[in-house]
Structure formats: structure tokens, C-alpha cells
Amino acid sequence: MTGQPPTPADSATEIQAKRLASVATLARPVQHDINNLLTVVFANLELLKRTAADGGPQRQLDRIHEAAKRLEGSTRAILSLLRRPVGQTAPLRMSGILGAVQPLLLLLLPTGGALQLELTEEDPPVLVDRAAFEDALLATAQQASGSMPRGGALRLVLEREGASVALAVLHPEGMALPALEALASLARDSGGTAEAAADGLRLTLPAVPIAG
Numbered sequence: 145m146t147g148q149p150p151t152p153a154d155s156a157t158e159i160q161a162k163r164l165a166s167v168a169t170l171a172r173p174v175q176h177d178i179n180n181l182l183t184v185v186f187a188n189l190e191l192l193k194r195t196a197a198d199g200g201p202q203r204q205l206d207r208i209h210e211a212a213k214r215l216e217g218s219t220r221a222i223l224s225l226l227r228r229p230v231g232q233t234a235p236l237r238m239s240g241i242l243g244a245v246q247p248l249l250l251l252l253l254p255t256g257g258a259l260q261l262e263l264t265e266e267d268p269p270v271l272v273d274r275a276a277f278e279d280a281l282l283a284t285a286q287q288a289s290g291s292m293p294r295g296g297a298l299r300l301v302l303e304r305e306g307a308s309v310a311l312a313v314l315h316p317e318g319m320a321l322p323a324l325e326a327l328a329s330l331a332r333d334s335g336g337t338a339e340a341a342a343d344g345l346r347l348t349l350p351a352v353p354i355a356g
């Protein structure tokens, strides 16, 4: 017999990987079912709003509608995350990545105001491992949530700079976030740069030429 017997840690890792793979196969049908259910919810809310009295009843229906929209965004984000291929780089717009993961960042931070997202709609695509980048962003939010002082915020500011895209990941001064190193490494792997500062990290990623 060759090789070493699997250790308990190896077995646990394999089991966890299989469980995640199984859950990922459920992501698409679960999303389809949730979409159908929410379609019913939104349609009936619209009917109720047409006949509900002004004032309190309308405000209550508006709150229900807003809660359903948040549920839709959160479930879509987590199920899309589960389906994401791992270890693959592709030309993607950073604004699309940040917008898609925003509901999950909000879930990890203490309050909705703890996330400030400033996006540009004119950012060119960059070559990036989306799954790894999202994982690093989620880890950053989780670490920020555990040490964020009251009233602090995690700011993600995306800008276009000529033939590059700049992303500033800013946090209250003095807060150490080890997860930022993963973001820095991903930027360098994409041919970009990462510059650390007291209030966070500034990433610059080169744009990918679009074939004409």
C-alpha cells in the first residue's frame, strides 16, 4: 500500500468541499423558485397598492416591497456566489463585481450606513479572478465589522484613470485589516499595483483592450 492514510483534517476538508459542491448544484433551481415566489409577492403588492388607503397603509406596503427587494438582492447574490467558478480569470467590469456583491457586504457590516459604495458606470473591463476577488472583499467586510468603531464606514471608491481602473478600499484610520493583503495580491496578479495607506488600500488594475 502506498501513500499516507487521510488525516481527520483531510477528511473534513473533503467532506466540506463535497457539501459545497452539492449546495452549488441547488443554487440555480433555488434561485428559480425564489424568483417565482417573489413574482407573486410583487404582483399582489402592486394590486394592494392600487386599492389601499393613503397614509399608513401605503407606507406599510412600501416597507413590505422594500423588504422583498432586499430579500431578492441577498438571495441572488449568495446563490450567484455559490455558482461562481473558482480559479478562473476573465475580463470583467469591476463595477459589476462590486454591485453584485454589495448585498452580501451589507449583511456582514453592522449597519447599512457602514458601507459606502461609489461606482463609475464607465469603467473598462479588467482581467480578474472574480471568485477570489469577491472572497477577499467579503473577508475585508467581516474583519471590518469585528473591529469597526461606532460610526465608522468601509468605503469602496471606483474610478477610471485613463487606461486603468482604480479601486480605493478605505476604512477608519488605525484599523488593521489583514484581508486587504489578499486584495493587493490579486491586483498584482492582474498586472496592477497596490498602494497601502493609513486609511486603507488603493488598487490600480490595467484595462483589457476590447477587440474591435
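Going by my numbering, the sequence shown opens with residue 145, and the numbers climb by one from there.
Even glycine gets a Cβ: it sits at the ideal position worked out from N, Cα and C.
Can you find the residues in the same chain that come closer than 7 Å, C-beta to C-beta, to residue i, ignoring five residues on each side of it along the sequence?
i: ALA342; result: GLU317
i: THR337; result: ALA331, THR348
i: ALA276; result: LEU330
Compare the Cα-Cα distances from residue i to each of the options and report the closest residue.
i: HIS315; options: ARG304, GLY344, GLU305, GLU303; result: GLY344
i: ASN180; options: ALA310, MET238, GLU216; result: GLU216
i: ALA340; options: GLU325, PRO353, GLU305; result: GLU325
i: ARG172; options: GLU265, LEU223, ALA297; result: LEU223
i: LEU321; options: GLY306, SER289, ARG304, GLY335; result: SER289
i: ASN188; options: LEU261, ALA212, PRO254, ALA285; result: ALA212
i: LEU170; options: GLU210, GLU190, ARG228; result: ARG228
List the whole-angstrom C-beta distance separating residue i from residue j, where the pair is believed to meet the contact cut-off of C-beta under 8 Å.
i: ALA351; j: ALA323; result: Rounded, the Cβ-Cβ distance is 25 Å, inconsistent with contact.
i: ALA245; j: LEU281; result: According to the sequence displayed, residue 245 carries Val and not Ala. That pair is a contact at about 6 Å.
i: LEU130; j: SER291; result: The chain is shown only over 145 to 356; residue 130 falls outside these bounds and no answer can be derived.
i: LEU95; j: ARG274; result: This structure gives no information on residue 95, because the portion of the chain shown stretches from 145 to 356.
i: ALA285; j: LEU327; result: No, ALA285 and LEU327 are not in contact; Cβ-Cβ is about 12 Å, not under 8 Å.
Work out the CA separation of residue j and residue i for me, nearest whole Å.
i: VAL185; j: GLY257; result: 27 Å
i: PRO158; j: PRO201; result: Correcting the residue identity first, residue 158 is Glu in this sequence and not Pro. Their Cα atoms are separated by approximately 52 Å.
i: LEU192; j: LEU205; result: 8 Å
i: LEU182; j: VAL270; result: 34 Å
i: GLN287; j: GLY199; result: 41 Å
i: ALA297; j: GLU278; result: 19 Å
i: ARG214; j: ARG304; result: 29 Å
i: MET145; j: ALA156; result: Reliability of the predicted coordinates at MET145 is poor, the pLDDT of 45 falling under 50, and the value obtained from them is presented with this limitation in mind. Cα to Cα, the separation comes out at about 23 Å.
i: ARG207; j: ALA307; result: 43 Å
i: THR195; j: ASP333; result: 57 Å
i: ALA168; j: LEU226; result: 5 Å
i: GLN260; j: ALA221; result: 18 Å
i: ALA197; j: GLN175; result: 34 Å
i: GLU210; j: PRO247; result: 13 Å
i: MET319; j: ARG299; result: 13 Å
i: THR255; j: GLN232; result: 32 Å
i: GLU190; j: ARG203; result: 13 Å
So, at 6 Å on beta carbons, what are the nonlocal neighbours of residue i in its own chain, with the 5 sequence-adjacent residues on each side left out?
i: ALA312; result: VAL301, ARG346
i: PRO249; result: The amino acid at residue 249 is misidentified as Pro; the sequence shows Leu. Within the same chain, LEU249 has close Cβ partners LEU259, ALA285.
i: ILE178; result: THR219
I'd like the list of long-range same chain contacts for residue i, defined as Cβ closer than 8 Å, with 5 residues on each side in sequence excluded.
i: PRO353; result: none
i: SER239; result: LEU263, THR264, GLU265, ASP267, LEU302
i: LYS162; result: none
i: ALA234; result: LEU271, VAL272, ARG274
i: ALA165; result: none
i: GLY335; result: LEU271, LEU349, PRO350
Starting from the N-terminal side, write out each stretch of the beta strand (DSSP E) that is 3 residues or longer and does not extend beyond the stretch 235–292. For the stretch 235–292, whole beta strand (DSSP E) runs of length 3 or above, ordered along the chain, are 259–262, 270–273.
What runs of the alpha helix (DSSP H), each 4 residues or longer, lie entirely inside the stretch 179–229? Taken in chain order, the complete alpha helix (DSSP H) segments of 4 residues or longer contained in the stretch 179–229 are 200–227.
Taking only runs of the alpha helix (DSSP H) that begin and end inside the stretch 319–344, which ones reach a length of at least 4 residues, in chain order? If we require 4 residues or more, the alpha helix (DSSP H) runs fully inside the stretch 319–344 come out as 324–333.
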